[in-house]
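Take a look at the structure set out below.
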């Protein structure tokens, strides 16, 4: 069984038993009912938020997909993606690039999981230089989650999405930069915005953004790097310029240097 690490992924609870959705690996998103223009409109509402918080929303959507399917398979890989993705919000360099063989991820359970991490991964790695990657990930994962969920959970998904977008736009606006700042792209992590964790997307709890740095640093220190091949070893991260991998996390303001 693949666990759901965070309570928000269950959307308040629903029946996860069985498969009650149409799936064909050859049709990709053609059977999705949530209209593309509606999902794109949600992405537009989220646009003023920081990239880090928008990536966090994509990870949270991915986690909802994992939670929906967790009783229908026993592969640990989707949960490893969840764990490593949240860690990558400390610094994108923590994340190893990984690719899975499509032929091993077919059918009504493994097929949606493959699609989910295949749309999430490019956003985590490439959205800094290709902003369209996060929007593509968000739109696809929104429509995929809606497709997999039973009808009874659709209203909860919509309410959760709207609440999360309001929260990130309010508490995590995109950092303001002068046009001539960072011409050589040295402040990528600063430009992503202040730190964000899964706590941002739990709408059942009050949210205090000033605690996110401490939460993320605590998460870094608790991770079992050896158990997750999607996370880089500490030595490799030191070689890339992270002085205290999995131990320290500089304040967001210190990233602008």
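In our numbering, the protein residues as written are 6 to 262. All C-beta atoms, glycine included, are put in the ideal place defined by N, C-alpha and C. As the structure is a prediction and not an experimental result, all values here were calculated from the model.
query	result
C-alpha distance - residue 176 paired with residue 170, whole-angstrom precision	10 Å
Host alpha helix (DSSP H) of residue 150 (start-end)	137-153
Alpha-carbon spacing of residue 71 relative to residue 193, whole angstroms	29 Å
Beta carbon of residue 124 nearer than 8 Å to that of residue 146	yes
Chain-order list of residues whose beta-carbon lies under 6 Å from that of residue 161 (same chain, five-residue window excluded)	16 and 17
First through last residue of the alpha helix (DSSP H) which encompasses residue 195	193-196
Exposed unless 16 or more other CB atoms sit within 10 angstroms - verdict on residue 199	buried
7 Å Cβ shell around residue 47 - same chain, five flanking residues per side excluded	147, 166 and 170
Where residue 109 falls, given that 16 or more other Cβ within 10 Å makes a residue buried	exposed
Residue 216 versus residue 26 - alpha carbon distance	39 Å
Collapsed DSSP secondary structure at residue 56 in the structure displayed	helix
For residue 100, the residue or residues it bridges with in DSSP	236
Where the alpha helix (DSSP H) through residue 175 begins and ends	159-176
Euclidean distance between Cα positions of residue 1 and residue 84	Nothing can be reported for residue 1: it is not among the residues displayed for the chain, which extend from 6 to 262.
Range of the contiguous alpha helix (DSSP H) that encloses residue 247	Where residue 247 is concerned, there is no enclosing alpha helix (DSSP H), given that its DSSP letter is neither H nor E.
Residue 51: first and last residue of the uninterrupted alpha helix (DSSP H) it sits in	41-51
For residue 188, the three-state DSSP class (helix, strand or coil)	Low local confidence applies: a pLDDT of 49 at residue 188 is under 50, so the model's placement there is unreliable, and no value is given.
Three-state secondary structure (DSSP) of residue 91	helix
Outcome for residue 57 when other beta-carbon atoms lying within 10 angstroms are tallied against a minimum of 16	buried
Beta-carbon gap between residue 66 and residue 150 smaller than 8 Å	yes
Reduced DSSP secondary structure (H/G/I, E/B, other) of residue 115	helix
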